[in-house]
Every structure is written in structure tokens, then in C-alpha cells.
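Visitor: Sharing a structure with you now.
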Amino acid sequence: MKVFLSSTYIDLVEYRAEAKKALECMKQEVGGMEIFGARDEEPKTVALAELDQCDLVVGIYAYRYGFIPDGDDVSITEQEYLHAKSKGIPVLCFVVSEKKWDIDFVDIDEKKKKLNDFKARILKGKTVDFFTTPTDLGMKVATSVHNYLEEHKPAHESPSPFGRGVRGEGKPTGSTLPCLGFFVGREKELDIIQSALSPDSRTWGALIDGPGGIGKTTLAIKAAHDAPAELFERKIFITAKVRELTPEGEAKLTDFTRPTYLAMLDELGKELGEDSLEKLAPDERPDELRLALAGVKALIIFDNLETLPEEERTRLFQFLSRLPEGNKAIVTSRRRTDMDARIVRLDRLARDEALQLIAELAAKYQRLARATQKEREDLYAITHGNPLFIRWIAGQLGREGSQCRTIAEACAFIDKAPKGNDPLEYIFGDLLETFTADETKVLAALTYFSLPAKLKWIVDMTDLPERQAETALEDLADRSILISNIEYRISHFLFTSADSEIHPHAPP
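Note that the working numbering has the sequence shown beginning at 12, numbered continuously upward.
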């Protein structure tokens with residue numbers, strides 16, 4: 012298909028360039044004044060003749076009416092619009108909504124009136140979108156043209172067995188989500204995520220945060236499976252996780268992990284059929300990928316972002332803030348941050364939910380099946396409803412070499428857990444190197460408490476100024492290591508390093 016770009020020129024050079032780039036990325040031929048070159052014919056004749064060879068017109072309109080040829084009352088830009096209409100060539104119109112505009116590119120007097128009348132006619136056509144920046148225009152042109160192509164696909168054209176994406180034929184469709192295992196509870200959190208994925212939500216999606224092993228990835232996968240298929244033709248899972256904890260110990264992940272920002276973008280490009288993305292310069296990939304997402308309607312899960320350095324996490328969140336309309340994301344991380352997304356703070360499983368998980372595990376572990384109701388209640392209390400911890404302790408029962416036959420013995424084994432199979436080390440070990448001196452002092456002080464501790468007590472024990480101690484508490488809370496209630500000047504540590512005992516951590 013050939014697309015004609017119609018607009019005034021000097022005021023919209025950058026905007027036309029973005030629109031042209033978006034169309035060429037979609038493998039569409041582009042016509043317009045850039046290709047005319049020096050010709051003997053007068054501009055109107057050249058423009059209208061070129062337009063006759065096109066299948067679709069993309070009109071871009073700002074605050075200039077454009078050149079009016081001698082003897083005419085209408086600018087070439089408006090004549091292109093009228094000519095296309097007379098020939099039955101569809102016109103997709105894009106009108107600037109940016110108020111800050113170079114005064115040199117704003118028409119006044121008679122031309123301003125003509126421009127306003129022209130825009131009024133455009134708006135009646137109901138094929139109009141509004142744009143701000145050149146980048147915003149490029150994204151919206153790509154989305155609108157893609158939707159037009161889908162709506163006007165010939166009836167006899169058979170769909171590709173691999174689906175059809177914004178860049179042409181042969182694009183993958185469907186889901187690459189992992190299979191969902193046993194799942195229980197989290198109704199409130201699922202409702203929040205589904206609300207964030209709604210087209211009416213003005214966010215790019217949801218961020219799930221919480222301590223290690225609390226079930227962030229499982230919740231993300233469940234929410235993605237539940238997301239309506241009519242909203243998302245693609246569901247894509249990409250993880251930065253480089254290790255996992257099994258009852259036998261820590262296992263490295265290499266085959267399915269993408270532990271850097273660019274590796275995650277490259278993987279997303281491959282999922283969209285853009286295999287050549289990784290051949291581009293690093294600073295060109297995000298924008299190319301953004302254009303590839305225009306019109307795709309993808310739900311993307313970026314898992315375990317705490318693995319990425321802070322600078323790379325920031326870049327990924329900036330990318331997500333520019334997702335084209337129709338695309339959403341779910342992100343999991345144990346590091347809290349404020350952003351244009353719905354934040355889901357994931358806490359322990361409720362008692363009944365945890366007992367359901369234990370019952371499910373009992374079908375796999377015979378010794379857990381023999382546990383009394385009280386022992387199962389004790390398991391919940393000791394693990395404080397952390398799903399990973401529950402699974403790990405259940406896995407120690409009868410495991411070769413563990414010498415654990417009862418829940419009490421498995422819990423006692425935590426104190427003697429070897430390096431490489433220590434659940435506390437797995438959950439919190441990667442955070443140790445990030446602690447500041449003040450944070451270390453605060454954590455050391457908190458190990459002496461089994462109940463919520465007042466800020467004043469922490470200050471007295473650490474000799475830190477109150478503001479420094481308060482800042483340390485806030486930073487630790489942001490990494491889901493403790494819960495801090497600054498209003499009441501109290502906090503509560505999730506796990507004490509003194510005895511590895513797990514304590515209740517709900518704020519009063």
C-alpha cells in the first residue's frame with residue numbers, strides 16, 4: 012500500500028519525519044512533498060498527481076493553513092484533502108493539540124479563519140486523532156494505519172497461521188506465559204491489576220512489589236492469564252530472574268532469563284517478530300520497539316526487575332511510560348518505587364489461603380500429609396505466610412540428606428541451612444550489599460525486638476539523629492525488608508538475623 016503524507020511543511024518537518032519513519036517501519040510506501048524534488052510542474056499539479064497514485068492519505072495539521080496558489084482561494088494542503096475525498100481515497104487526520112507553538116508558524120488574519128474552517132470540516136469527518144510531540148504523532152499514525160489495514164483486509168485473505176502484526180505478515184500471536192500451577196487467594200490484588208489493565212485506566216499497567224518469595228511472579232502470571240483475550244492479542248512473559256530456590260537448594264537460571272535492560276528489549280522484539288532489533292545501536296532499539304508495538308495490543312510481563320541495576324530499571328520504566336495505546340504491562344520487583352502505574356503491595360498469604368497451599372503440597376510430600384492441624388498452623392505461623400518458605404520447609408521433610416521428619420525439625424533446620432540452600436539467604440542475601448551504614452545500624456537494633464519498635468528506641472540504640480534513622484527506615488521499607496509506620500514512629504522487621512525467627516509484621 013502507498014500512503015500520501017499531506018501537511019504544511021516547514022513547521023512540521025520533524026513531525027512528518029516521525030510519521031514517515033513509522034509508516035516505513037510498517038513496510039508501507041510513502042508519498043509526499045519530500046519525494047517531489049525539483050520539477051518543472053507547479054506544486055499543486057505535482058501533489059495531486061502523486062496523491063492519485065496512493066491508497067491512503069495521512070493528513071497532519073497544526074497552526075498554518077499553507078500556500079495558496081495564484082488564482083485559488085484554497086491552500087494546497089486543503090486541496091489535497093478535498094481531492095482525496097472526491098476520489099474516494101480515505102484520509103486519516105491528525106491535529107496538533109500542543110499549545111506551545113513557535114509564533115512564526117502560526118497563521119493570522121484571513122489564513123487563520125480559513126484554517127479554522129478547514130479544521131472544522133475535518134472534525135466532522137470523525138477520522139481524527141490529536142497529537143503533541145513528533146514521537147506521539149509517529150506512534151498514533153502507526154496505530155491508526157494498522158487498525159485501518161485490519162479493518163479493510165480483503166474478505167478472501169486467509170489469516171496467517173502465525174497471526175499478523177504491525178510490521179507485516181508472519182508476526183507471532185498468542186501467549187508465551189508460563190503455565191499456572193496451584194493458585195489460591197489474592198482476590199483483592201487481582202482486582203487492582205485487572206483495573207490497571209483496563210483500556211480506561213490512564214496507566215501503563217501494574218507494579219507488584221514485596222519481599223522475596225511472597226508470590227509476585229505467580230500473581231503476575233495469574234493476572235495475565237485472566238486478562239481478557241479481546242484486549243490482548245499477545246501475552247508475553249520476560250524474566251530477569253537468574254536463580255531460584257528449590258528444596259534441594261539454589262538453582263541457576265540461564266536458558267530463559269534476560270538479566271539486562273537491552274536483553275529484555277531484544278527478547279520482546281523477537282516475540283513481536285522483530286528479530287533484527289538487536290542489530291541496531293542500543294539507543295535506537297527502544298523507539299524501534301515502541302513503533303513495533305503500535306497496534307499490537309500486547310500484555311507484557313517484566314519479571315524480577317530488582318535484578319537490574321537502578322539505571323536500567325529507570326530506563327525500562329521510561330520505556331513503559333511510552334507504551335503505545337492498547338498495550339499494557341505487569342512488572343514484578345521487590346524494590347518499591349513511585350511511577351505511573353498501579354502499585355500492588357504483596358503481603359503474606361492469609362491463614363486460610365496458606366492452609367490451602369499446605370494441603371496442596373501435602374499431596375506431594377507424604378510426611379506433610381501426616382502433619383496435624385496444629386502442626387500446619389505452626390508452619391503458617393513460623394513462615395509468616397511466605398509461600399516460598401512454606402514450599403521450602405515442606406520440601407525438607409524426608410528429603411535425602413536433610414534428616415527432617417517433622418515440621419518442627421524442618422523449621423529447626425533453618426538455623427543450620429548450608430550455603431546454597433538457605434531460604435533467608437535466598438530471600439534477603441542480594442540486598443546485603445546495598446545497605447548503607449545507617450541501614451545496617453537500624454537493622455541490627457531491630458533484631459532485639461519481637462514486637463513493633465518505636466523510632467525513639469532505635470535512635471537511642473544506634474546514636475543516629477532521628478532524621479537519619481527515619482530515612483533509613485523509609486529506605487528499608489521501600490525494599491520490602493520491613494514495614495515502617497512513620498506516623499506512629501514505629502516499625503517492624505520482617506526477619507530477625509539474630510535467630511532467623513519470622514515474626515508478624517502487620518503495622519498496628
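Quick reminder that beta carbons are idealized off the backbone N, C-alpha and C, glycines included.
#1: At the level of alpha carbons, what is the spacing between Thr318 and Ala419?
#2: Just the C-alpha distance for Arg402 and Asp426, rounded to the nearest angstrom, thanks.
#3: Leu334 to Leu16, Cα distance in whole Å?
#4: Tell me the rounded alpha-carbon separation between Ala217 and Ala262.
#5: Could you tell me whether the stretch 320-327 touches the stretch 188-200, using the rule of 3 or more Cβ pairs below 8 Å?
#6: Count the CB pairs spanning the stretch 368-378 and the stretch 335-346 that are closer than 8 Å, and state whether there are at least three.
#7: Considering only C-alpha positions, which residue in the set Arg27, Leu327, Ile79 is nearest to Thr250?
#8: I'd like to know whether the C-beta atoms of Glu336 and Thr154 end up nearer to each other than 8 Å.
#9: For Tyr72, which residues does DSSP report across the bridge?
#10: What span of residues does the alpha helix (DSSP H) with Leu16 cover, start to end?
#11: Can you list the beta strand (DSSP E) stretches of 3 or more residues lying completely in the stretch 235-313, in chain order?
#12: Which value, in whole angstroms, describes the spacing of the CA atoms of Leu475 and Ala483?
#13: Identify, in the order they occur along the chain, each residue of the same chain with its Cβ nearer than 8 Å to the Cβ of Leu372, setting aside the five sequence neighbours on each side.
#14: In this structure, how does DSSP classify Cys190 when only helix, strand and coil are distinguished?
#15: What does a CB cutoff of less than 7 Å around Gly149 pick up in its chain, not counting 5 residues either side in sequence?
#16: Which same chain residues, not among the five before or five after Leu191, have their C-beta less than 8 Å away from its C-beta?
#17: What are the partner residues of Glu40, as DSSP defines its beta bridges?
#18: For Ser97, count neighbouring Cβ atoms within 10 angstroms of its own Cβ and tell me buried if that reaches 16, exposed if not.
#19: Using a Cβ-Cβ cutoff of less than 8 Å, which residues in the same chain neighbour Arg269 once the five nearest sequence positions on both sides are dropped?
#20: Am I right that Ile5 and Val355 are in contact with their C-beta atoms under 8 Å? What's the rounded C-beta distance?
#21: Look up Val342 in the DSSP assignment and say whether it is helix, strand or coil.
#22: How about Ile71 and Phe105: are their beta carbons less than 8 Å apart?
#23: Skipping 5 residues on each side, what residues in its chain have a beta carbon closer than 8 Å to that of Thr214?
#24: As an exercise, report each continuous alpha helix (DSSP H) stretch of at least 4 residues that is fully enclosed by the stretch 373-437, in chain order.
#25: In whole angstroms, what separates the C-alpha of Lys124 from that of Ala95?
#26: Can you round the beta-carbon distance between Val470 and Ala480 to whole angstroms, since I take them to be within the 8 Å contact cut?
#27: Considering only C-alpha positions, which residue in the set Asp389, Lys55, Glu35 is nearest to Gly82?
#28: If you draw a straight line from the alpha carbon of Ile497 to that of Ala361, how long is it in whole angstroms?
#29: Just to confirm, is the Cβ distance from Leu10 to Arg296 under 8 Å?
#30: If I measure Cβ to Cβ from Thr187 and keep anything under 6 Å in the same chain, skipping five residues before and after, which residues do I get?
#31: Compute the beta-carbon to beta-carbon distance between Phe142 and Lys130, rounded to the nearest angstrom, for a pair I have assumed lies under 8 Å.
Guide: Concretely, from the data shown:
#1: 33 Å
#2: 17 Å
#3: 24 Å
#4: 28 Å
#5: no
#6: no
#7: Leu327
#8: yes
#9: Val106
#10: Run containing Leu16: none in the alpha helix (DSSP H); it sits in the beta strand (DSSP E), 13-17.
#11: 245-250, 254-257, 260-263
#12: 10 Å
#13: Leu379, Ile401, Arg402, Ala405
#14: coil
#15: Glu29, Ala30, Lys32, Ala33, Leu302
#16: Thr229, Ile232, Lys233, His236
#17: Lys13
#18: exposed
#19: Ile249, Thr250, Ala251, Met275, Asp277, Glu278
#20: Only positions 12 to 519 of the chain appear in the structure, and residue 5 is not among them; the question remains open.
#21: strand
#22: yes
#23: Ala207, Asp351, Ala352, Arg353
#24: 377-380, 384-394, 398-407, 418-423
#25: 22 Å
#26: 5 Å
#27: Lys55
#28: Confidence at Ile497 is low in this model, with a pLDDT of 47, below 50, so the placement of that residue should be treated as unreliable; the coordinate-derived value is given next. Distance between the alpha carbons of Ile497 and Ala361 is about 25 Å.
#29: Shown here, the chain extends from 12 to 519; a query on residue 10 therefore has no answer.
#30: Ile247, Phe248
#31: Phe142 to Lys130, Cβ: 14 Å. No contact.
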